[in-house]
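**Q**
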Amino acid sequence: MPSATTKLSALEGVVIRIEIDSMRMLVIPEWRDGPAALRHAAAGAAGIGELDAVLLGGGGVWSGKREAGLPAARRVYASKPVAACLGCGAVGLAAYETGTLCRDGLTRLLVTATPAGSAGDAGIGFVLGSVRPGDLLYLPGVGVSPEGVTDVADRFAPRAVLLGATWFVRRCGPGSRDHDLAWMVARAFPDAVLLAGDGWPEAGRSPLAGRARPDLAGRLTFFRKGRPLTIT
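Heads up: the sequence shown is residues 11 to 242, going by the working numbering.
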């Protein structure tokens with residue numbers, strides 16, 4: 011079992027701050043409103059010191075001009091097309107390609123890209139690992155397909171999986187409740203902690219717990235703005 015401690019904090023929009031031991035990073039798992047996401051990321055970076063990484067998922071169109079709005083970080087990870095647009099040393103990862111991030115020669119983080127589905131090559135998710143790739147946290151990204159989830163589950167055994175807030179109302183297939191994407195993730199990762207950000211805008215007026223299937227609600231762990239969640 012990996013010994014790294016993971017702490018998640020929900021920020022504005024869909025931006026998440028993640029701390030893994032001494033590593034500090036910001037994640038934009040579902041890229042849609044680019045300028046707003048950058049503002050939220052910049053606000054989240056304030057006051058926490060140097061960022062080790064920014065992880066850009068989703069399938070939005072980035073440009074070199076937008077790169078200037080990214081918080082300063084030692085490394086920026088994105089899909090290969092997005093990294094090419096960003097330039098300035100951004101690291102582009104293809105699906106299942108792994109990058110290694112080290113701090114002070116002591117802490118090592120393995121950042122592996124995963125396919126996000128509908129966004130094509132421009133959109134990726136991530137799995138983060140410490141001892142081995144994908145043993146800590148899975149961030150599926152926007153538009154991930156059921157097949158993509160199954161493929162990731164066959165390759166990795168993350169301690170926790172971050173669920174998209176929209177999954178509680180989205181269907182992956184026609185009609186059947188069995189095609190609920192959140193439930194498919196729960197079945198694919200039976201031993202993982204299932205994380206949901208209850209403060210995200212998609213939650214609207216209804217708490218996400220009220221939207222989840224009864225047989226799924228008991229496995230959900232919520233993290234909210236101002237209340238960091240620690241996973242050991």
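We put the beta carbon where it would ideally sit given N, CA and C, even for glycine.
Quick one: which unbroken beta strand (DSSP E) runs of 3-plus residues sit fully inside the stretch 112-146? Chain order, please.
**A** For the stretch 112-146, whole beta strand (DSSP E) runs of length 3 or above, ordered along the chain, are 117-125 and 134-139.
**Q** Over what stretch of residues does the beta strand (DSSP E) that includes residue 34 continue unbroken?
**A** Residues 33-38.
**Q** What are the boundary residues of the alpha helix (DSSP H) that residue 94 is part of?
**A** Per DSSP, residue 94 belongs to the alpha helix (DSSP H) from 90-96.
**Q** Can you give the beta carbon distance from residue 204 to residue 173, rounded, assuming they're within the 8 Å contact cut?
**A** Rounded, the Cβ-Cβ distance is 6 Å, consistent with contact.
**Q** Would you check if there are 3 or more beta carbon pairs closer than 8 Å linking the stretch 147-157 to the stretch 104-118?
**A** Judged by Cβ distances under 8 Å, the stretch 147-157 makes no contact with the stretch 104-118, as fewer than three pairs qualify.
**Q** Any heavy atom of the ligand GDP closer than 7 Å to the CB of residue 105?
**A** This structure lacks the ligand GDP, and indeed carries no ligand of any kind.
**Q** Here's the rule: buried if 16 or more other CB atoms are within 10 angstroms of the residue's CB, otherwise exposed. What is residue 142?
**A** Result: exposed.
**Q** Mind checking who residue 83 pairs with in its DSSP beta bridge?
**A** The partner list for residue 83 (beta bridge, DSSP) reads 61.
**Q** Here's the rule I'm using: 16 or more other beta-carbon atoms within 10 Å means buried, otherwise exposed. How should residue 115 be labelled?
**A** Classification of residue 115: exposed, given that the 10 Å Cβ count is below 16.
**Q** Quick one: measure Cβ to Cβ for residue 163 and residue 198, integer angstroms, because I've assumed they're closer than 8 Å.
**A** About 4 Å; that satisfies the 8 Å criterion.
**Q** Considering only the alpha carbon of each residue, which of 191, 100 and 25 lies closest to residue 207?
**A** Of the candidates 191, 100 and 25, the one whose C-alpha sits nearest the C-alpha of residue 207 is 25.
**Q** With residue 117 and residue 136 assumed to form a contact (beta carbons below 8 Å), what rounded beta-carbon distance in angstroms separates them?
**A** Not really, about 17 Å apart at Cβ, beyond 8 Å.
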